[in-house]
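A.B. asks: Below is one structure. I have some questions about it.
Protein chains: 2
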Amino acid sequence: MKKIINDPKNYVDEAMEGIVAAYGDRVAFFENDKRVLVRAGKKKEGKVGIVTGGGFGHLPLFLGYVGEGMLDACVVGNVFASPSYTKMEAGIRAADAGAGVLCLYGNYGGDKMNFRQAMEDCADLEDIRCEELLGTDDIASAPAEKMDTRRGVAGIVFAYKIAGAAADEMRSLDEVISVTKKALGNIRTMGVALTPCVVPEAGGPTFFIGEEEMEVGMGIHGEKGISTSKIMTADEITDMIIDKIGEELPLLAGSEISVMVNGLGATSLEEQMIVYRRIAQIMEEKGVTIVAPHIGEYATSMEMAGISISVFVLDEELKKLLLAPAATPFYTNISR
Amino acid sequence: MKKIINDPKNYVDEAMEGIVAAYGDRVAFFENDKRVLVRAGKKKEGKVGIVTGGGFGHLPLFLGYVGEGMLDACVVGNVFASPSYTKMEAGIRAADAGAGVLCLYGNYGGDKMNFRQAMEDCADLEDIRCEELLGTDDIASAPAEKMDTRRGVAGIVFAYKIAGAAADEMRSLDEVISVTKKALGNIRTMGVALTPCVVPEAGGPTFFIGEEEMEVGMGIHGEKGISTSKIMTADEITDMIIDKIGEELPLLAGSEISVMVNGLGATSLEEQMIVYRRIAQIMEEKGVTIVAPHIGEYATSMEMAGISISVFVLDEELKKLLLAPAATPFYTNISR
């Protein structure tokens, strides 16, 4: 196993320690718990709290987005494993500032079970109003008529940005939910994987992709996608993904979208730029304007090679919230 | 070859088109030349120009650092190949705003030959005062007594930041040179590589690293380093590198440094955080304060796996310039 790590048992804790050592001006552990990361400094009374969480191994997701203008707390488990509900309760308590808490996370069974238990307990015992919204942006994981069974992947970063900006404007919980729901409805993602990743405690790849093959629609934990195919060119991959997304989102002349080209971990920025170039060409042909393109690693599977493309259809309100300032370890937006 | 690309012949041009499509508000092609990238918008008369350049395949280096507070122009060649001197002349002309131009680039034979020809021509024909400073931060590439033969690697990003901030303060060319020289003298880098990279037109790896081995001190084009060793733990690698750097830089109690943990392309952010954690521990023991740690991919070899660590010893002047605002495609600093 070629990884720069120490004892695999300490993998998550040590990476978490590194994050707080590096970004202690922006983030901190909550009650010394290395699995619960919160914004540094004092809470803003009356602000809606935004909490997320899930398995570890997707940096910068989710931890890199805790901070001004985005998340208030993030709870992580072991690699690709849901945190326990008691950790999630801590995250909700950490984020609560008297105006309720939105749990905004990806649609995975373990996370759902544990977040729901934690929300129930926090409502009953702590009298915190808790609501949830789920990321279900991965169009390869189920057909449109089964939308609510789809997985959440990189597109949730756009939703964090919208929810976080709305909460920072001191909107009420109902208002934050309403605009975040609108955002989630306008986000779709699809990806391809070229190589597998290695879970440190397992020590070897957890699945296999042939030397000249790619997995179309593979999930960020190696979940099976739509098909296995021979590796295609960058333009062919991009055209295929944008076509699929275009079946669900209106990409109409005169409209505005944002786009995320996300490297899954081992894919070079050069390749991501080549993919973005093709997206820009397609959208120019369609008369669609791209606002604030996001290109880089936003949601990874450690060292998996591959990319995903997310499209986020904007209106004036969503655009304004997307462009609002943010300052987290891995997402910095200067006000324009 | 597992890359998301189109025709390998178009690799560089298409990636460059992607960069300008994505960041057209910050950067532009100079005279429609896809190998010469400049800041978007009007030049500031009387500002010293900062120019860099070299072979392609190291994104975000160098292109990602053109913009406010850093570089004025960047010239790139083919993958791992120096641009021609005529392209470098274009870069110098593009950056010239009447106060002279600093060519700040890594110490590689082809780049040196071509930059020097271009500087001579620009001085003779265009009456532009041109000076150069070379990045030689890679301590594994030659012993200290042969400092001027060392390669330039990731540490040059710190030098770009210092030179760019000094130029943006409207300092004279001599002043910019003086402070940048001081910075270069205070920066050292060393790295390890775990897997090779693939040059698109070659189609296969250009060198080989054994399944349980790593290359200590390998360059960002696969140049041989100090030794081949069995893969070590993250803490062992970090200790070894910081020890070597400590032989050349004073890491004294009470002093301030910045640190860059740089992923070479395929190394996960989780691993980089584990390495940073160890650096933070070591520096805390020494009583050295780390300012503005840089963790991520700053100078890559496309999809090579491995990391480098750079240490930059600060004084008050260097610290102020390091923390000054910047806004480039891949380096954003909010004023603190």
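Protein sequence lines correspond, in order, to chains A and B.
Each position in the first sequence, counted from 1, maps to that position plus 251 in the working numbering.
Each position in the second sequence, counted from 1, maps to that position plus 251 in the working numbering.
For every residue, glycine included, the Cβ atom is placed at its ideal position computed from N, Cα and C.
Keep in mind that this is a model prediction, so the values were computed, not measured.
#1: Mapping the DSSP letters down to three states, classify residue 527/B as helix, strand or coil.
#2: Express the C-alpha separation of residue 378/A and residue 520/A in angstroms, rounding to a whole number.
#3: Over the uninterrupted beta strand (DSSP E) stretch that includes residue 306/A, give me the two end residues.
#4: Relative to chain A, which residues along the region 516-545 of chain B have a C-beta separation below 7 Å, given in chain order?
#5: Go to residue 570/A, then tell me how far its alpha helix (DSSP H) extends in each direction, as first and last residue.
#6: Closest Cβ-Cβ distance between residue 553/A and chain B: below 8 Å?
#7: What's the gap between the Cα of residue 539/B and the Cα of residue 505/B?
#8: Where does the unbroken alpha helix (DSSP H) through residue 381/A begin, and where does it stop?
#9: Taking only beta-carbon positions, decide if residue 257/B is within less than 8 Å of chain A.
#10: Roughly how many angstroms separate the alpha carbons of residue 355/A and residue 493/B, rounded to a whole number?
#11: Using the DSSP secondary-structure output, state which residues sit across from residue 600/A in a beta bridge.
#12: Is it buried or exposed, residue 499/A, if we count other Cβ atoms within 10 angstroms and call 16 or more buried?
#13: Any C-beta of chain A within less than 7 Å: which residues of the region 452-467 of chain B qualify?
#14: Please classify residue 513/B as buried or exposed, where buried requires at least 16 other C-beta atoms within 10 Å of its C-beta.
#15: Among 495/A, 528/A, 559/A, 547/A, which one has its Cα closest to the Cα of residue 394/A?
#16: Identify which residue in 482/A, 396/A, 371/A, 523/A has its Cα closest to the Cα of residue 545/A.
#17: Cα-Cα, which of 554/B, 577/B, 534/B is closest to residue 564/B?
#18: Give the interface partners of residue 319/A over in chain B, defined as CB-CB distance under 9 Å, in chain order.
#19: How would you list, in chain order, the residues of chain A whose beta-carbon sits under 7 Å from the beta-carbon of residue 265/B?
#20: For residue 258/A, count neighbouring C-beta atoms within 10 Å of its own C-beta (all shown protein chains included) and say buried if the count is 16 or more, exposed if not.
#21: Once DSSP output is grouped into helix, strand and coil, what is the label at residue 272/B?
#22: Against residue 558/B, what residues of chain A qualify as contacts under a CB-to-CB distance less than 9 Å, listed in chain order?
#23: Going by CA-CA distance only, name the one from 537/A, 294/A, 510/A, 271/A that's closest to residue 284/A.
#24: Would you identify the three-state DSSP class for residue 551/B, choosing helix, strand or coil?
#25: If you draw a straight line from the C-alpha of residue 581/A to the C-alpha of residue 316/A, how long is it?
#26: Ends of the beta strand (DSSP E) at residue 352/A?
#27: Examine chain A for any beta-carbon lying closer than 8 Å to the beta-carbon of residue 482/B, and answer yes or no.
#28: Could you say which of 425/A, 406/A, 402/A lies nearest to residue 361/A if we only look at CA atoms?
#29: How far does the beta strand (DSSP E) with residue 466/B in it reach, from first residue to last?
#30: On a Cα-Cα basis, can you pick out the residue from 553/A, 267/A, 253/A that is closest to residue 531/B?
#31: Taking the C-alpha atoms as reference points, what is the distance between residue 432/A and residue 384/A?
#32: Per DSSP, residue 451/B is paired with what?
#33: Measuring only between beta-carbons, confirm whether residue 268/B sits less than 8 Å from chain A.
#34: Can you list, in chain order, the residues of its chain whose CB lies under 6 Å from that of residue 470/A, leaving out five sequence neighbours each side?
#35: So residue 446/A contacts chain B; which residues on that side make the cut at Cβ distance below 7 Å?
#36: Touch check for the region 425-442 of chain B and the region 453-460 of chain B: three-plus C-beta pairs under 8 Å?
C.D. replies: Let's see:
#1: helix
#2: 46 Å
#3: Residues 300-307.
#4: 516, 517, 518, 519, 520, 521, 522, 524, 525, 526, 527, 528, 531, 544
#5: 567-574
#6: yes
#7: 6 Å
#8: Segment 381-386 is the beta strand (DSSP E) holding residue 381/A; no alpha helix (DSSP H) there.
#9: yes
#10: 40 Å
#11: In the structure displayed, chain A extends from 252 to 587; residue 600/A sits before or after that span and is not available.
#12: exposed
#13: none
#14: buried
#15: 495/A
#16: 523/A
#17: 534/B
#18: Chain B residues near residue 319/A: none, gap ~10 Å exceeds 9 Å.
#19: 525, 528
#20: exposed
#21: Helix at residue 272/B.
#22: 255
#23: Of the listed residues, the one whose Cα sits closest to residue 284/A is 271/A.
#24: coil
#25: Spanning the two alpha carbons is a distance of roughly 6 Å.
#26: 352-357
#27: With 8 Å as the cut-off, residue 482/B counts as an interface residue toward chain A.
#28: Sorting 425/A, 406/A, 402/A by C-alpha distance to the C-alpha of residue 361/A places 402/A at the top.
#29: 464-467
#30: 267/A
#31: When rounded, the distance between both Cα atoms is 7 Å.
#32: Answer by DSSP bridge pairing: none, since residue 451/B is not bridged.
#33: yes
#34: Excluding positions up to five away in sequence, the list reads 402.
#35: 253
#36: no
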